[in-house]
Amino acid sequence: MSSSTLVSLPLMKPKDVNTLHLFDLNKLQRQSNIPTQFMWPKEDMVGTDGVFDEPLIDLEGFVKGDEIATAKAIKLVKTACTNHGFFQVINHGVDADLIQAAYREIDTIFELPFNKKLDFRRKSDGYAGFSFADRFTPILPWKETFSFGHRGMNSDLPVVDYFTSTLGQDFEQAGRVYQKYCEKMRGLSLIIMELLALSLGVDRSYYRKFFEDGTSITRCNYYPPCKNSDATFGTGPHTDPNSITILHQDQVGGLEILAGDKWLAVPPRQDALAINIGDTFMAFSNGIYKSCIHRAMVNEERMRRSLVYFVNPKEDIVVRPPEDLVVGSSRVYPDFTWSYLLYFASNHPRTNVRTLENFFPWLLSSQPKVHT
Ligand SMILES: O=C(O)CCC(=O)C(=O)O
C-alpha cells in the first residue's frame with residue numbers, strides 16, 4: 001500500500017472533544033461552502049481508481065451443502081480476504097422487504113428534530129444513540145449516525161425496548177423492524193463464520209462457536225447531500241475494530257475499498273450484502289486475512305444511507321488464532337478480549353487504519369480494568 005493513500009490524522013485527546021461544535025447537517029447542506037472542520041487536507045482526498053468488480057459469492061449452494069458451490073465460495077472468499085478483506089454475498093437469506101423496511105425506519109429516525117436527536121446523543125464512552133461526527137478526530141466526516149446493540153442467544157438487550165425507551169412509543173414499529181433485522185443478520189454472520197473457517201482450512205465450527213452468544217452493534221448511517229463533496233468524506237478511510245461487518249448501501253453508492261494501493265468504488269446492488277473483515281478477525285486469523293480499509297464518499301445532489309451490522313464475539317472470549325494457523329510461523333498479535341478492544345476504540349482517539357497498532361502497546365502497558 002502506498003503511504004500516499006493512507007490518511008494520517010493528528011490525534012486529539014478525548015477531553016478536547018467537548019470543545020467541538022455540533023453541526024446540524026440538514027441545515028448546512030444548503031450552504032455552498034461547508035465549515036472548515038469538514039474540509040479534509042487535499043492530500044487525503046485521494047481519487048477513486050476504478051470499480052470493484054470481483055465475483056459475487058452466491059450463498060445458496062453453500063447453505064444447502066452443495067459441494068461445487070461450497071468449493072467455489074471458499075476459493076473466492078480466501079482470495080478476497082487475503083488480498084483486501086472484502087467480498088459481497090447474494091442469496092444470503094435476508095429478505096429484501098426487511099432491508100427496505102429498515103431504510104424506511106432510518107428516514108423516520110433521521111427526520112427527528114436536531115434538538116430531539118441531541119437528547120439521545122451517544123455518550124462519550126458508549127456506542128448507542130445519535131452521533132454527529134464529533135468523536136476524537138479534528139476533521140469531521142459528513143454524516144449522522146444512530147447506533148444500538150444486540151446480543152445473540154438469551155437476548156438481554158431487546159432492540160424494541162431500546163427504541164421505545166429512548167425514542168419513545170412511536171418508535172415501537174422501528175424497534176420491531178430492527179429486532180428482526182438483527183436476528184437475521186446474526187444468523188447470516190454465523191454462516192459467514194463457517195465459510196471463513198473453511199476458507200482458512202480450519203474446522204467449520206471453529207469461529208462460529210465464539211459468536212453464537214456474541215454481540216452486535218448496528219449503525220444506521222445518514223449522509224446528507226454536500227455541495228463540497230470533493231473536499232470531505234462521509235466516512236474517512238478506516239478499518240473496523242470488530243470481527244466482521246455486514247453492510248448494505250442504498251442505491252446512491254459511495255462505498256469504496258482499498259485493494260492494493262487502489263481505491264475501488266463498490267457499485268450498489270440492492271440484492272447484495274458487503275462483508276468486511278475487521279481488526280478482530282484479522283487477529284483471529286493470525287494476520288492471514290486483511291482488515292479491510294474502506295471509506296464512504298458523499299454525493300453532491302442526493303442523500304445516501306447505509307446499514308452497518310458489526311459482529312463481535314462474546315466480550316470475554318480470548319481472541320487467539322487456531323493452532324493450525326500458527327504452526328511454522330509465529331503469532332502476529334498477542335491474546336486480547338473483545339471487551340478491551342471495544343473499550344480502547346470507544347475511549348481513545350481513533351487511529352482509523354492503525355487501531356490494532358495502537359491498541360497493543362496500550363493493552364500491554366496500562367493493564368486496564370475493563371468490566372466484561
Ligand atoms: O456508508 C458506508 O458505505 C460505509 C460506512 C462505514 O464504513 C462505517 O460506518 O463504518
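In UniProt numbering, the protein residues as written are 1 to 372.
Every residue, glycine too, gets a C-beta built ideally from N, C-alpha and C.
So, at 7 angstroms on beta carbons, what are the nonlocal neighbours of residue i in its own chain, with the 5 sequence-adjacent residues on each side left out?
i, result
"Lys262", "Asp49, Gly50"
"Met193", "Tyr207, Arg208, Phe211"
"Val160", "Glu172, Gly175, Arg176, Gln179"
"Ile191", "Leu59, Val63"
If you follow the beta strand (DSSP E) that residue i is in, where does it begin and where does it stop?
i, result
"Phe148", "144-151"
"Thr245", "244-249"
"Leu273", "273-277"
"Arg295", "294-296"
"Asn221", "215-223"
"Lys262", "262-265"
Along the chain, where does the alpha helix (DSSP H) containing residue i start, and where does it finish?
i, result
"Phe344", "338-347"
"Ala101", "96-110"
"Ser365", "355-366"
"Lys75", "67-83"
"Leu59", "59-64"
"Ile191", "172-199"
"Val202", "Element bounds for Val202: n/a, residue is neither H nor E."
Buried or exposed: residue i, going by 16 or more other Cβ atoms within 10 Å of its Cβ?
i, result
"Lys143", "buried"
"Lys123", "exposed"
"Glu67", "exposed"
"Thr108", "exposed"
"Arg104", "exposed"
"Gln31", "exposed"
"Ala96", "exposed"
"Gly278", "buried"
"Ala102", "buried"
"Asn18", "For Asn18, the predicted structure reports a pLDDT of 42, less than 50, and the residue's modelled location is therefore unreliable. A value from the coordinates is still provided. It is exposed - the Cβ of Asn18 has fewer than 16 other Cβ atoms within 10 Å."
"Asp213", "exposed"
Looking only at its own chain, which residues have a Cβ that is under 6 angstroms from the Cβ of residue i, when we skip the five neighbours before and after it?
i, result
"Ser199", "Ile74, Val77, Lys78"
"Ala197", "Arg204, Tyr206, Tyr207"
"Ile139", "Trp40"
"Ala296", "Gly234, Thr235, Gly254, Leu255"
"Leu273", "Val89, His92, Ile246, His248"
"Val298", "Trp142, Tyr223, Cys226, Ser229, Gly234"
"Arg121", "Gly129, Phe130"
Grab me the residues of residue i's own chain with a C-beta within less than 8 angstroms of its C-beta, minus the 5 sequence neighbours each way, in chain order.
i, result
"Val327", "none"
"Tyr162", "Ala128, Phe148, Gly149, Gly175"
"Leu98", "Val177, Lys180, Tyr181, Lys184"
"Ser2", "Confidence in Ser2 is poor, its pLDDT being 31 and thus under 50, which makes the residue's placement too unreliable to answer from."
"Phe360", "Tyr333, Pro334, Phe336"
With distances taken Cα to Cα, identify the nearest neighbour of residue i among the options.
i, options, result
"Ser147", "Asn26, Thr218, Ile99, Tyr181", "Thr218"
"Ser243", "Ser216, Asp271, Asn83, Pro225", "Ser216"
"Gly201", "Asp335, Thr239, Leu325, Arg151", "Leu325"
"residue 387", "Gly61, Lys209, Gln100, Ile317", "Residue numbering for the chain in the displayed model covers 1 to 372; residue 387 lies beyond these limits and cannot be assessed."
"Gln270", "Thr280, His248, Phe284, Leu264", "His248"
"Phe281", "Tyr289, Ala274, Ile275", "Tyr289"
"Leu342", "Gln251, Arg331, Thr355, Pro158", "Thr355"
"Phe62", "Asn26, Phe132, Leu188", "Leu188"
"Asp335", "Leu195, Arg320, Leu264, Val308", "Arg320"
"Leu56", "Phe86, Thr36, Glu43, Leu363", "Phe86"
"Leu118", "Glu323, Leu25, Pro361", "Leu25"
"Val94", "Ile106, Glu323, Asp58", "Asp58"
"Phe110", "Val159, Leu167, Ala71, Gln37", "Leu167"
"Ile106", "Glu357, Met303, Phe310, Ser366", "Met303"
Does the Cβ of residue i lie closer than 7 angstroms to at least one heavy atom of ligand 3?
i, result
"Thr239", "Although ligand 3 was asked about, the structure shown includes only ligand 1 as ligands."
By C-beta, the residues closer than 5 angstroms to any heavy atom of ligand 1, given in chain order:
Asn221, Thr235, Gln249, Leu255, Ala296, Ser306, Val308
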